[in-house]
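Q:
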Amino acid sequence: MARVVVDVMLKPEILDPQGKAVAQALPRLGFDGITAVRQGKRFELEVDGEVTEERLAQIRGAAETLLSNPVIEDFTVRVEEA
Amino acid sequence: MARVVVDVMLKPEILDPQGKAVAQALPRLGFDGITAVRQGKRFELEVDGEVTEERLAQIRGAAETLLSNPVIEDFTVRVEEA
Amino acid sequence: MRVGVVTFPGSLDDVDARRAVAVAGGEPMRLWHADEDLRYVDAVVLPGGFSYGDYLRAGAIARFAPVMSSVVQAARGGTPVLGICNGFQVLCESHLLPGALIRNDHRKFVCRDQELVIENSTTAWTGGYAAGQHLVVPLKNGEGGYVADDVTLDRLEGEGRVVARYVGQNPNGSYRSIAGVSNERGNVVGLMPHPEHAVEELTGPTTDGLAFFTSVLRATVDA
Amino acid sequence: MTETVKDAEATPDVEQPYRELGLKDDEYARIRDILGRRPTSSELAMYSVMWSEHCSYKSSKVHLRQFGEKQPPTDALLVGIGENAGVVDIGQGWAVTFKIESHNHPSYVEPYQGAATGVGGIVRDIMSMGARPVAVMDPLRFGPADAADTRRVLPGVVAGIGGYGNCLGLPNIGGEVVFDPSYAGNPLVNALCVGAVRHEDIKLAHASGAGNLVVLFGASTGGDGIGGVSVLASETFDEHGPAKRPSVQVGDPFMEKVLIECCLELFAADLVVGIQDLGGAGLSCATSELASSGDGGMRVWLDRVPLRDATLRPEEILMSESQERMCAVVTPDRLDAFLDICARWDVQATVIGEVDDSRRLTVEWQGTVIVDVPPRTVAHEGPVYERPLARPTWQDALQADDPSSLPRPTTGEELRATLLDLVGSPNLADKSWVTDQYDRYVLGNTVLAQPDDAGVVRVDEATHLGVALATDGNGRFTKLDPYAGAQLALSEAYRNVAVTGARPLAVTDCLNFGSPEDPAVMWQFAEAARGLADACLALGVPVTGGNVSFYNQTGDVAINPTPVVGVLGVLDDVRRRIPMGFSAEGEVVLLLGATREELGGSEWAHHMHGHLGGRPPAVDLAAERELATLMAALPGVVTAAHDVSDGGLAMTLVEMALRRGIGAAVALPDDAFVALFSESAARAVVSVPSDLVADVERLASSYAVPLTTLGTTGGSTLAVDGLFEIPLDELRSAWQGTLPALFG
Ligand SMILES: Nc1ncnc2c1ncn2[C@@H]1O[C@H](COP(=O)(O)OP(=O)(O)O)[C@@H](O)[C@H]1O
Ligand SMILES: [Mg+2]
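Protein chains in written order, with my numbering: chain L, -19 to 62; chain X, -19 to 62; chain C, 1007 to 1229; chain H, 783 to 1526.
1. Less than 6 Å between C-beta atoms, sequence neighbours within five positions excluded: which residues of the same chain meet that for F1219 of chain C?
2. Using a Cβ cut-off of 7 Å, which residues of the segment 991 to 1005 of chain H contact any Cβ in chain L, in chain order?
3. Could you check which residue in H:D815, H:M828, H:S842 and H:G1504 has the C-alpha nearest to that of E1168 of chain H?
4. How is A16 of chain X classed by DSSP in three states: helix, strand or coil?
5. Quick check on the DSSP output: the alpha helix (DSSP H) that includes S1469 of chain H runs from which residue to which?
6. Assuming L1374 of chain H and V1448 of chain H make a contact with CB atoms under 8 Å, what is their CB distance in whole Å?
7. Could you list which residues in chain C have their beta carbon closer than 8 Å to that of I52 of chain X, in chain order?
8. How would you write the range of the beta strand (DSSP E) that Y946 of chain H sits in, first residue to last?
9. Distance cutoff 9 Å, beta carbons only. Does R1025 of chain C sit that close to anything in chain H?
10. DSSP state of E802 of chain H, grouped into three classes?
11. Do L25 of chain X and A16 of chain L have their beta-carbon atoms positioned less than 9 Å apart in this structure?
12. Would you tell me roughly how many angstroms separate the C-alpha atoms of G1179 of chain C and T1213 of chain C, rounded to the nearest one?
13. Please check if any C-beta of chain X sits within less than 9 Å of the C-beta of L(-5) of chain L.
14. Does any C-beta atom of chain X lie closer than 9 Å to the C-beta of G1179 of chain C?
15. Determine which residues share a DSSP beta bridge with Y1172 of chain C and list them.
16. Can you tell me whether DSSP reads C1067 of chain H as helix, strand or coil?
17. Could you list which residues in chain A have their beta carbon closer than 8 Å to that of T15 of chain X, in chain order?
18. Could you say which of C:P1177, C:I1067 and C:L1102 lies nearest to M1198 of chain C if we only look at CA atoms?
19. Using DSSP with H/G/I as helix, E/B as strand and the rest coil, what is C1044 of chain H?
20. Which residues does DSSP pair with N1294 of chain H in a beta bridge?
21. Return the first residue and the last residue of the beta strand (DSSP E) that T947 of chain C is part of.
22. A1482 of chain H to E1406 of chain H, Cα distance in whole Å?
23. Does the beta-carbon of R934 of chain H have 16 or more other beta-carbons within 10 angstroms, so that it is buried, or is it exposed?
24. Could you check whether L1272 of chain H and F1259 of chain H sit closer than 9 Å to each other, using their CB atoms as the reference points?
25. At which residue ranges does the segment 1399 to 1469 of chain H contain complete beta strand (DSSP E) runs of 3 or more residues, listed in the order of the chain?
26. Which value, in whole angstroms, describes the spacing of the CA atoms of T1434 of chain H and E982 of chain H?
27. For E1099 of chain C, which residues in chain X fall below 7 Å Cβ to Cβ?
28. For the alpha helix (DSSP H) that S824 of chain H lies in, which residues bound it at each end?
29. Classify T1192 of chain H as helix, strand or coil using the three-state DSSP reduction.
30. Smallest Cα separation from A1185 of chain C: which of C:V1051, C:A1066, C:V1153 and C:G1164?
31. For T1158 of chain C, I'd like the list of residues in its chain whose CB is within less than 7 Å of its CB, leaving aside the five on either flank, ordered along the chain.
32. Indicate whether at least one CB of chain L lies closer than 9 Å to the CB of P969 of chain H.
33. Rounded to whole angstroms, what's the CA-CA distance from L1065 of chain H to L1084 of chain H? Just pull it up for me.
34. Report the neighbours of F1070 of chain C on chain L: residues whose CB is nearer than 8 Å to its CB, in chain order.
35. Return the residue from the list C:Y1181, C:P1144 and C:G1174 that minimises the CA-CA distance to V1205 of chain C.
36. Could you spell out where the alpha helix (DSSP H) holding V1021 of chain C opens and where it closes?
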């Protein structure tokens, strides 16, 4: 069993209302010094058996078609140590 | 400028409808070998200046009170290399 | 009888909640999120909507509004507080009520006329109903799945703090079909469905929701 | 370096990328002519977006003029075509403003955000009239229900409309969901908003009074959607999908909700002289239109515009279509009060310019002048084309191919099976899968919404004054006969409003067509516009505004021409509205109107035979008008009324019975098939307590409306005498099962 993590974030040029809401709330709660916040999605995929290159390529395919929307989002895929 | 990443995931015992939906969709799209999926949130915080221990403690505080709901979620905080 | 209705940025059903209070015979008062002043109200409604867009988690940001510190204090002192939908989410985030509300299990927003059963008719907001009474009121939410750990759920059931339950198909994946819960004292109630949309024959599916508002008027008179 | 007017004067021969920006050679020459020099890059950006088809209506203008020329005599119109939205007097000092717009192409590229920002845009249009938005509607059209791309597009569009509209707190009170192969690769996402305003509070987009300030408020300006709407809307998709995937606008409904409340407080405190929303063409449009409609000129300091992305160039700032922004003209002595209200709502507001009497629009950037133009030439004096028209070569053959030779069900068993099949067909099936994702209760004034014929909202709680709205369109009818098809769309929307007991008052329309450069499409457009204008005159309902969407096609194949028509009516007392469902047993069921054998373009021919040919049902505007007049006399007499349209009488009866689970037994004239499935216009079914039947008969004959007694309500089946009987449960599961099975 291994875990693959896919992080999906809005492209930098795309408006991120969620991150904006958090960024505006932080100073109100007394948390200063944070200049910007982006909010994205994190997927944890449990993989049966070994994470081969082939499997990773498959997961990249899934990240591109299902987990992210390439029109507005970028993603990264990485294997996480158990 | 440094970046701190806060990952927030639903606790394992809480139903994750979004993760479940992804897990069910994957095989339909021909992606096999993934046994479970959890979907959470990823926050990227841009920090002004250096990430001191104090600042990190502050961010942990924000993660605990604002960015996550401890009743249903766990979080991790880490500094990301630029 | 003055019932305060809080408006957060993004509150939507505040107008309806005020109307429901008026239809029930009470005096609705506007409360503003940025004021700590509760204007000597006898009860508080946190209305439905999408406070701060609900972008982070429903209710997560509203919980920190200045008005909420006064609401929490008043609630602890026994003032009746009803959180409807987004208001329920705010109450959970504020830890006035246990548990949390998550994304509907089918991942879609749902708006429908929902059948409920009132399980506890002794709270400040349900005194006008009979235990076991069935109602139909609108339900509309995207994050309405009530969740809590088993210990909490068992305790809620054991203490009679499940105020209302969904009848028939569970509309949002709420654990044990829970539609509403109360605090121990019964003055704070959180409810996912919208009784304020069922107070007029003309605009609601029924008038079954009215008794929530008449109940609290009676409860505060009796108190 | 940013190009200044001086630079442009000094370098007259620089090659400019006007073609890439969509300008034709002669259009570019005209700009040079207007300015007496070549444009700066910022001027070129402004002219190119403002002269695009989307913003300038250059191909449609000559046809749209008819809506004004043939406008019926009316005293209901307070503000007519040309403003952000028309305003209609509904009495008692109240007015309503309503408008429909398309967001077709963006919704194909990114269904959720495309549809969401479509709702956001039309809501801001309504706000810019000074009105409080009170409801939205969403006429939608998709490719075949079972096509893979429809499964991609439809759920996203629906979630986007719900996600944005629900978050704004605007009840969704109606719309349409239509499937047809012609929309594969080019869905139609139209959105309508209606707002209410007191007469004295109506606002206009005029910048007047030299020295007044121009305030930009709402969201920051970003790089998303630059050229989005305007360039996209003029783009044709080929069969491989969008030709390019331009950056998509992401909506922030929370920002818009706060902006609505903020605007309403500004209006209430009387702090704005003029106001304009920012939609397609962003600041280029807002500044040039405000200045052009005002009595002077305007000076803009573009570098004061708050940016989300500091790297944006002035050309981009002028073209950005970032959402959730408004522009107001404010007198200097009211500025502080204006800014205070914005601060209370946490809305960023910045003075970006001032009104002057120069009759020019000048834009400055870091102390230099980068735009210096006569504003009218940008906003109102764009190119106008008389595009060539040609009746398609296939039109005659299409009309000749009528459905008379299609095999028809004859026995009771066959008719029963046909009915069940149609009830579950995607176009006629229950739309709850869609409408359950929309909040129809918020604001507490919704009197009727889905599945009723029209949405009805209460405008004034004290007097029970309210409005009814319906939208309709039929691309198949319009393909068979564009003139008649547009009239049938109007007839149906008008009838849907009338059957609630409301008095139809005014019209908005969204004309969805293929490429205006195709003479066949242009002919369809011209015919439809002429048909609509003629019918509005005949029915006495003026067009108050609308929208044209061209280039709806995949490759060379245009969509079915689809004029979508919205009709607004008034109910002096919404408590007297007539709902659509049978509400009591033992009532008499009557059919109003005449049935002919009219199956061309029908749902039966489409669903059962995949056939499109022949002629659409005959238009009978006099009969529509008489039916509406009769309906207005029926509140308090009939207990239910439902119009007859798609799927014919059969579908009307099924919907009336399923609404509250009260069945009916009816007897039909000789040709039961025609009686059940013909789609003749100007018809409705009503249900009447038996002691009031004579009243209805008397009224019907006085208005010359044909009346047929069909049977009585009651029981748990729909029974057609001597032919078949279907349990309501069976009808219900056929009706409800289809969309969930397709979309989950
Ligand atoms: N996309 C939609 N959004 C909101 N309501 C819709 C939508 N599609 C259909 N409806 C509603 O469902 C009902 C049935 O639609 P339809 O059969 O098209 O009505 P009609 O034939 O009377 O025009 C109507 O109340 C209509 O407003
Ligand atoms: Mg209808």
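Using N, Cα and C, we set each Cβ at its ideal position, and we do this for glycine too. These numbers were taken from a predicted model, which means no experiment stands behind them.
A: Reading off the structure:
1. Start at 1 with the first residue of the third sequence, and residue 1219 of chain C comes out as number 213. Beyond the five residues adjoining it in sequence on each side, F1219 of chain C comes within less than 6 Å, by CB distance, of A1026, V1027 and A1030 in the same chain, given in chain order.
2. Within the segment 991 to 1005 of chain H, the qualifying residues are G1004 and G1005.
3. Taking the first residue of the fourth sequence as position 1, residue 1168 of chain H is located at position 386. Scanning H:D815, H:M828, H:S842 and H:G1504 for the CA closest to the CA of E1168 of chain H turns up H:S842.
4. On the second sequence, position 36 is the one that residue 16 of chain X refers to. DSSP, read as helix, strand or coil, puts A16 of chain X in strand.
5. On the fourth sequence, position 687 is the one that residue 1469 of chain H refers to. Here S1469 of chain H belongs to no alpha helix (DSSP H); instead the beta strand (DSSP E) covers A1466 to V1470.
6. Counted from its first residue, the fourth sequence places residue 1374 of chain H at position 592. Counted from its first residue, the fourth sequence places residue 1448 of chain H at position 666. Separation of the CB atoms of L1374 of chain H and V1448 of chain H is rounded to 14 Å, and the pair is thereby denied contact status at 8 Å.
7. As a first step, residue 52 of chain X must be located in the second sequence, where it is residue number 72. Near I52 of chain X (Cβ distances below 8 Å), the residues of chain C are A1106, I1108 and V1153.
8. On the fourth sequence, residue 946 of chain H is found 164 positions in, with the first residue counted as 1. For Y946 of chain H, no beta strand (DSSP E) run applies; the uninterrupted alpha helix (DSSP H) run containing it begins and ends at A930 to L950, by DSSP.
9. To locate residue 1025 of chain C, count along the third sequence from 1; it is residue 19. Yes, its Cβ sits closer than 9 Å to a Cβ of chain H.
10. In the fourth sequence, counting from the first residue as 1, residue 802 of chain H sits at position 20. For E802 of chain H, the three-state secondary structure derived from DSSP is coil.
11. Looking up residue 16 of chain L in the first sequence gives position 36. Looking up residue 25 of chain X in the second sequence gives position 45. Taking a C-beta distance under 9 Å as the contact criterion, A16 of chain L and L25 of chain X qualify as a contact pair.
12. Along the third sequence, one-based indexing puts residue 1179 of chain C at 173. Along the third sequence, one-based indexing puts residue 1213 of chain C at 207. Whole-angstrom Cα-Cα distance: 26 Å.
13. By one-based count along the first sequence, residue -5 of chain L stands at place 15. For L(-5) of chain L, the nearest beta carbon of chain X is not closer than 9 Å to its own beta carbon.
14. Counted from its first residue, the third sequence places residue 1179 of chain C at position 173. At a cut-off of 9 Å between C-beta atoms, G1179 of chain C counts as an interface residue with respect to chain X.
15. As a working note, residue 1172 of chain C is residue 166 in the third sequence. Answer is C:L1122.
16. Within the fourth sequence, residue 1067 of chain H is the residue found at index 285, counting from 1. In the structure shown, the three-state DSSP call for C1067 of chain H is helix.
17. Chain labels in this structure do not include chain A; the protein chains are L, X, C and H.
18. In the third sequence, residue 1198 of chain C corresponds to position 192, counting from 1. The shortest Cα separation from M1198 of chain C among C:P1177, C:I1067 and C:L1102 belongs to C:P1177.
19. As a position in the fourth sequence, residue 1044 of chain H is number 262, starting the count at 1. Reduced to three states, the DSSP call for C1044 of chain H is helix.
20. Along the fourth sequence, one-based indexing puts residue 1294 of chain H at 512. H:S1331 and H:T1344, per the DSSP bridge assignment.
21. It is not possible to answer for residue 947 of chain C, since the shown part of chain C is limited to 1007 through 1229.
22. For this step, residue 1482 of chain H is matched to residue 700 along the fourth sequence. For this step, residue 1406 of chain H is matched to residue 624 along the fourth sequence. The straight-line gap from Cα to Cα measures roughly 13 Å.
23. For this step, residue 934 of chain H is matched to residue 152 along the fourth sequence. R934 of chain H should be labelled exposed.
24. If you number the fourth sequence from 1, residue 1259 of chain H lands on position 477. If you number the fourth sequence from 1, residue 1272 of chain H lands on position 490. In terms of Cβ geometry, F1259 of chain H and L1272 of chain H do not form a close pair [threshold 9 Å].
25. 1422 to 1425 and 1446 to 1448, all fully within the segment 1399 to 1469 of chain H.
26. What you label residue 1434 of chain H is simply residue 652 of the fourth sequence in a count that begins at 1. What you label residue 982 of chain H is simply residue 200 of the fourth sequence in a count that begins at 1. If I take the Cα positions, the gap works out to 42 Å.
27. Within the third sequence, the letter at position 93 stands for residue 1099 of chain C. Correct list: N49.
28. Residue mapping note: residue 824 of chain H aligns to position 42 of the fourth sequence, counting from 1. Boundaries of the alpha helix (DSSP H) around S824 of chain H: S823 to M832.
29. Locating residue 1192 of chain H in the fourth sequence gives position 410, counting from the first residue. Three-state DSSP puts T1192 of chain H in coil, outside helix and strand.
30. Your numbering for residue 1185 of chain C matches position 179 in the third sequence. For the residues C:V1051, C:A1066, C:V1153 and C:G1164, the minimum Cα distance to A1185 of chain C belongs to C:V1153.
31. Stepping through the third sequence from its first residue, residue 1158 of chain C is reached at position 152. Excluding positions up to five away in sequence, the list reads P1104 and G1105.
32. Counting from 1 along the fourth sequence, the entry for residue 969 of chain H is found at position 187. Taking Cβ atoms only, chain L never reaches closer than 9 Å to P969 of chain H, which makes this a no.
33. Stepping through the fourth sequence from its first residue, residue 1065 of chain H is reached at position 283. Stepping through the fourth sequence from its first residue, residue 1084 of chain H is reached at position 302. C-alpha separation (whole angstroms): 10 Å.
34. By one-based count along the third sequence, residue 1070 of chain C stands at place 64. Neighbours of F1070 of chain C across chain L, judged by C-beta separation under 8 Å: A5, R8 and L9.
35. Within the third sequence, numbered from 1, the residue matching residue 1205 of chain C stands at position 199. For V1205 of chain C, the nearest C-alpha among the options comes from C:P1144.
36. Counting from one through the third sequence, the residue named residue 1021 of chain C turns up at place 15. Its alpha helix (DSSP H) spans residues D1020 to A1030.
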